[in-house]
Amino acid sequence: MIVGLAVVLPAARSVAPIRHGSYIWQREWSTGLRDAVRQTQAVFAEWVVLAAEIDLRNGGAPLLARVSPDYHCLRQSGRSVGLAIRVGPYSGSLDPDRPESGLIRRLAVEVLADARSQGVEPAQLQLDFDAATRQLGDYRKWLEALRQAIAPVPLVVTVLPTWLDSPEFGRLILAADGFVLQVHSFEPPRA
Numbered sequence: 016m017i018v019g020l021a022v023v024l025p026a027a028r029s030v031a032p033i034r035h036g037s038y039i040w041q042r043e044w045s046t047g048l049r050d051a052v053r054q055t056q057a058v059f060a061e062w063v064v065l066a067a068e069i070d071l072r073n074g075g076a077p078l079l080a081r082v083s084p085d086y087h088c089l090r091q092s093g094r095s096v097g098l099a100i101r102v103g104p105y106s107g108s109l110d111p112d113r114p115e116s117g118l119i120r121r122l123a124v125e126v127l128a129d130a131r132s133q134g135v136e137p138a139q140l141q142l143d144f145d146a147a148t149r150q151l152g153d154y155r156k157w158l159e160a161l162r163q164a165i166a167p168v169p170l171v172v173t174v175l176p177t178w179l180d181s182p183e184f185g186r187l188i189l190a191a192d193g194f195v196l197q198v199h200s201f202e203p204p205r206a
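Note that the sequence shown covers residues 16 to 206 in the working numbering.
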């Protein structure tokens with residue numbers, strides 16, 4: 016499945032066109048997905064592909080699902096490629112010295128190295144984690160440690176609309192190189 020959305024918004028006074036990126040949020044690369052990438056490559060400036068998912072709730076060992084994107088197909092598209100790591104719901108400690116944080120950092124370094132070994136230089140690493148608003152101060156520490164581990168690759172974080180009013184939001188986004196506001200649904204104006 017390819018889900019399109021605008022990732023980079025121009026400055027208020029800019030007349031540059033909006034660059035559109037697309038998420039490829041699939042664990043399995045099928046012929047249909049490859050065809051869709053080829054058919055839409057002129058529409059999108061970049062792809063952000065799912066590289067791994069982690070479930071830390073397992074009381075025991077974390078559950079990890081690695082994805083093998085079709086790097087050949089992505090290279091042929093001629094578009095920049097970002098990698099995404101999805102962290103499932105987690106309410107435990109976000110201390111950057113905890114094993115969970117170390118696992119995320121190691122995984123990020125591994126998926127970046129994997130892409131490079133396939134001839135793709137990642138344009139960004141995106142961390143998709145829906146932290147509770149009350150956790151944003153601690154989540155910032157996770158991001159700071161991750162950003163340091165993956166440098167110089169830019170770290171982009173997905174953010175939730177409910178975070179925007181938090182006093183911690185400004186400090187959180189400063190710990191990353193960019194962010195994508197996740198809007199899963201909305202009600203159109205009635206007037």
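Note that beta-carbon positions come from the ideal geometry of N, C-alpha and C, so glycine has one too.
Endpoints, beta strand (DSSP E) assigned at residue i
{"i": "Ser116", "result": "Counting along the chain, Ser116 falls outside any beta strand (DSSP E), though it belongs to the alpha helix (DSSP H) covering 114-132."}
{"i": "Ser37", "result": "34-39"}
Proximity to residue i [Cα-Cα], best of the options
{"i": "Val135", "options": "Thr173, Arg101, Val96, Arg113", "result": "Val96"}
{"i": "Ser181", "options": "Ala166, Arg155, Leu89, Leu151", "result": "Leu151"}
{"i": "Gly36", "options": "Leu79, Glu183, Ala51, Val63", "result": "Val63"}
{"i": "Leu171", "options": "Phe184, Leu127, Leu98", "result": "Per the sequence shown, residue 171 should be read as Val rather than Leu. Answer by Cα proximity: Leu98."}
{"i": "Val126", "options": "Pro84, Leu78, Arg205", "result": "Pro84"}
{"i": "Pro137", "options": "Val124, Arg42, Leu78", "result": "Val124"}
{"i": "Ser108", "options": "Pro167, Ala51, Arg155", "result": "Arg155"}
{"i": "Ala51", "options": "Leu142, Leu89, Pro203", "result": "Leu89"}
Environment of residue i [buried if 16+ CB atoms lie within 10 Å]
{"i": "Pro25", "result": "Note that Pro25 scores a pLDDT of 44, beneath 50, so its modelled location is shaky; the value from the coordinates is reported in the next line. By the 10 Å Cβ count, Pro25 comes out exposed."}
{"i": "Asp110", "result": "exposed"}
{"i": "Glu68", "result": "buried"}
{"i": "Ile119", "result": "buried"}
{"i": "Ala27", "result": "Low per-residue confidence applies at Ala27: pLDDT is 49, beneath 50, and the placement is therefore not dependable, though the value from the model is reported in the following sentence. Answer is exposed; the Cβ neighbour count stays below 16."}
{"i": "Ile39", "result": "buried"}
{"i": "Ala191", "result": "buried"}
{"i": "Leu122", "result": "buried"}
{"i": "Arg113", "result": "exposed"}
{"i": "Ser116", "result": "buried"}
{"i": "Gln91", "result": "exposed"}
{"i": "Arg205", "result": "exposed"}
{"i": "Ala66", "result": "buried"}
{"i": "Val198", "result": "exposed"}
{"i": "Ala130", "result": "buried"}
{"i": "Leu196", "result": "exposed"}
Identified DSSP bridge partners for residue i
{"i": "Glu68", "result": "Ala80, Arg101"}
{"i": "Asp143", "result": "Arg101"}
{"i": "Glu202", "result": "Paired residues: none, contrary to the question."}
{"i": "Glu61", "result": "Gly36, Ser95"}
{"i": "Val195", "result": "Thr173"}
Run of the alpha helix (DSSP H) containing residue i, from where it starts to where it stops
{"i": "His87", "result": "86-92"}
{"i": "Ala51", "result": "46-55"}
Could you name each continuous beta strand (DSSP E) segment of 3 residues or more that falls completely within the stretch 164-193, going from the start of the chain to the end? Counting only runs of at least 3 residues, the stretch 164-193 fully encloses the following beta strand (DSSP E) elements, listed from N- to C-terminal order: 170-174.
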